[in-house]
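A.B. asks:
Number of protein chains: 2
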Amino acid sequence: MSTEDIKNKLTERGLKVTPQRMAILEAIYNLKNHPTAENIIDYIKKMHPNIATGTVYKVLGALVDNRLVKKVKTENDIMRYDGVMKSHHHLYCMESDVIKDYVDEELDELLQNYFAKKNLPGFKIEDIVLQVKGTFNK
Amino acid sequence: MSTEDIKNKLTERGLKVTPQRMAILEAIYNLKNHPTAENIIDYIKKMHPNIATGTVYKVLGALVDNRLVKKVKTENDIMRYDGVMKSHHHLYCMESDVIKDYVDEELDELLQNYFAKKNLPGFKIEDIVLQVKGTFNK
DNA sequence: CTCCTAAAAGAGAATGATTCTCATCTAAAT
DNA sequence: ATTTAGATGAGAATCATTCTCTTTTAGGAG
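Top line first, the protein sequences correspond to chains Y and S. Going by our numbering, the letters in the first sequence line up with residues 1 to 138, in that order. Going by our numbering, the letters in the second sequence line up with residues 1001 to 1138, in that order.
What follows is the structure in structure tokens.
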């Protein structure tokens, strides 16, 4: 994900291109495992050693509101952020609280077909996300 | 869910039967829509007007640790609690942040069969929870 | 290039859901 | 009845996150 790509993503959404926003998006795309705000701050502190924590949260909020980033949360951890906007599922380790993206188009299709036939009265489906809870082997 | 049933649930798990625990479990089973700690406190304040907030959180924690209650969390809301321990899915309204339980045994079987054939290297599955995101019609 | 404006950043205070601490109480076993 | 370990109470502490108000700045217009 080049600097130019990141810049385009911001302008496409009508967001101003600020150095802070560029850096935070770069962090999200480069860090693995759904970074927390703190992970992001650590990543960008080389270029932005004095960035305000409040600013990071504000930028993240703007990115989420404008659908460039998703929030990811489990029952036992603080908020994490995900730059993959395409619908995907999560493998969640109940021991370590680690979340792994799980992409499976066959499964997507299976679920889409299932709910196409299923009647959920009064509920309009926008997304279907599977959380597979288990444990990673050592 | 009778008082006796609630008492049995506690003793089965080796938990002491205290009035606070009885009241909190009753609240969870009787309140709808995955009550928050505050909902629970409001419910039991008639019988326990002075219960400490810290105690409620502690009791909830013990109930969760002993698998009598589940935590339920979304990206945009505080922690909620669920007394239905049997595996089930959630319909989540993205506008109102409301969570509805969704029980569907046919779907459970479909998913069990799917992942029985699927190879997830190094991951032992314990539970599969579907979150169907959408909006409730008015 | 300059000017202007609205949005964004900064610094640190505020918030509140939740956890912690330590003393007291009590459920339940004997 | 006594004892003990676990539970509760009261309020302080924690910390992830949001708020507030001032200053800065991106980007559009001329």
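Here a beta-carbon is modelled for each residue, glycine too, at the ideal position from N, C-alpha and C. Being a predicted model, the structure only gives us computed values, none of them experimental.
(1) Are the CB atoms of P35/Y and I81/Y within a distance shorter than 8 Å?
(2) According to DSSP, V1132/S sits in a beta bridge with which residue or residues?
(3) For I40/Y, does the three-state DSSP call read helix, strand or coil?
(4) Within its chain, find whatever has a CB closer than 8 Å to the CB of V72/Y; leave out the 5 residues flanking it on each side and keep chain order.
(5) Taking K1071/S as part of the beta strand (DSSP E), name the residues at either end of that continuous run.
(6) With a threshold of 8 Å, are at least 3 pairs of Cβ atoms found where one atom belongs to the segment 102-116 of chain Y and the other to the segment 54-74 of chain Y?
(7) Please classify V17/Y as buried or exposed, where buried requires at least 16 other C-beta atoms within 10 Å of its C-beta.
(8) Confirm, please, whether the CB-CB distance from K1124/S to N8/Y is below 8 Å.
(9) Below 8 Å on C-beta distance, what does I41/Y contact in chain S?
(10) Kindly indicate which residue of K86/Y, N76/Y, K32/Y and M22/Y has the alpha-carbon position closest to the one of V163/Y.
(11) Residue range of the alpha helix (DSSP H) that I1006/S falls in?
(12) Closest to I44/Y by CA distance: which of L25/Y, K32/Y, G54/Y and K58/Y is it?
(13) For I125/Y, would you say it is in contact with chain S, using Cβ-to-Cβ distances shorter than 8 Å as the test?
(14) Can you tell me the Cα-Cα spacing of H1088/S and R13/Y, whole angstroms?
(15) Using Cβ-Cβ distances below 9 Å, what residues of the segment 96-130 of chain Y are close to chain S?
(16) So that I know if they touch, is there some Cβ in chain S lying closer than 8 Å to that of V69/Y?
(17) Taking K118/Y as the reference, give the member of V1103/S, I1128/S, F1115/S and P1049/S with the closest Cα.
(18) Can you find a C-beta in chain S that's less than 8 Å from the C-beta of I134/Y?
(19) Per DSSP, what are the beta-bridge partners of R1080/S in this structure?
(20) DSSP three-state label for D1065/S, please.
(21) State yes or no: is the beta carbon of N1066/S nearer than 8 Å to at least one beta carbon in chain Y?
(22) Looking at the unbroken alpha helix (DSSP H) that takes in I28/Y, where does it start and where does it end?
(23) To which residues does DSSP link Y102/Y through a beta bridge?
(24) Per DSSP, which residues does F1123/S bridge with? Please list them.
(25) Under a CB-based cut-off of 8 Å, is M94/Y close to chain S?
(26) Among D127/Y, M47/Y and D101/Y, which has the Cα closest to the Cα of K32/Y?
(27) Using a Cβ-Cβ distance under 8 Å, would L1091/S count as near chain Y?
(28) Give a yes or no on whether 8 Å exceeds the smallest Cβ distance from K1073/S to chain Y.
(29) If you measure between the beta carbons of M1/Y and Y29/Y, is that distance less than 8 Å?
(30) Going along the chain, which residues of the segment 41-61 of chain Y sit with their C-beta nearer than 7 Å to a C-beta in chain S?
C.D. replies: In terms of the structure at hand:
(1) Checking the sequence shown, residue 81/Y turns out to be Tyr, not Ile. The answer is yes: Cβ separation under 8 Å.
(2) I128/Y and L1091/S
(3) helix
(4) H34, M79, R80, Y81, D82, H90 and I99
(5) K1070 to V1072
(6) no
(7) exposed
(8) no
(9) Simply none; closest approach about 20 Å.
(10) With chain Y covering only 1 through 138, there is no way to say anything about residue 163/Y.
(11) T1003 to E1012
(12) L25/Y
(13) yes
(14) 37 Å
(15) K100, Y102, D104, E106, L107, L110, L111, Y114, F115, K118, L120, P121, G122, F123, K124, I125, E126, D127, I128, V129 and L130
(16) no
(17) V1103/S
(18) Before going further, note that residue 134/Y is Gly rather than Ile in the sequence given. Yes, because at least one Cβ of chain S sits closer than 8 Å to the Cβ of G134/Y.
(19) T1036/S and V1072/S
(20) helix
(21) no
(22) P19 to N30
(23) H89/Y
(24) F136/Y
(25) yes
(26) D101/Y
(27) yes
(28) yes
(29) yes
(30) none
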